[in-house]
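In my numbering, the protein residues as written are -12 to 134. Read through the structure below, which is laid out as structure tokens, and then see the notes.
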Ligand code: ZN
């Protein structure tokens, strides 16, 4: 039987070493900057919209392995989704990293962050990109700081 924990760690490591959609979108319809001062994570999320659908998404910046891999997997998870669908996914992701999600496996690769719930300080790292996405979707360009 495969060790799920080891598999999850591998996924996180892979995405932090080779982040997907790790670039600037130029031009972008919307963008937002997110900061997690506790850890030093800082990312800009760029969006190109097609109506209320996220046609393209990318991010750039720097931070720890958890924050970077979470941002990378988030871009893959929400590309092509509507604003409402992305928001619903954020709710479930937040439940996952705070230990409240009842069915983690149904979140696919995002389930890799389940273990974060054991480390409250890491919850901010894992959710930073999602908070930044929400700010970008809402058209808030001023920096988001989660503390
Ligand atoms: Zn971090």
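All C-beta atoms, glycine included, are put in the ideal place defined by N, C-alpha and C.
>> By the three-class DSSP mapping on this structure, what secondary structure does residue 15 have?
In response: As a first step, residue 15 is located in the chain shown; it is residue number 28 there, counting from the start. In the structure shown, residue 15 sits in coil (DSSP, three-state: anything other than H, G, I, E or B).
> With which residues is residue 36 paired in a DSSP beta bridge?
Replying inline: Reading the chain shown from its first residue, position 49 is the one you call residue 36. Bridge partners of residue 36: 41.
> In the structure shown, what three-state DSSP assignment does residue 95 receive?
Replying inline: Your numbering for residue 95 matches position 108 in the chain shown. Reduced to three states, the DSSP call for residue 95 is helix.
>> Buried or exposed for residue 92, going by 16 or more other Cβ atoms inside 10 Å?
In response: Counted from its first residue, the chain shown places residue 92 at position 105. Burial call: exposed.
> Any heavy atom of the ligand ZN closer than 7 angstroms to the CB of residue 5?
Replying inline: For the purposes of this step, residue 5 is taken as the residue at position 18 of the chain shown. Residue 5 Cβ: outside cutoff for every heavy atom of the ligand ZN.
> In terms of residues, what are the limits of the alpha helix (DSSP H) holding residue -4?
Replying inline: In the chain shown, the residue the question calls residue -4 occupies position 9. Counting along the chain, the alpha helix (DSSP H) containing residue -4 begins and ends at -9 to 4.
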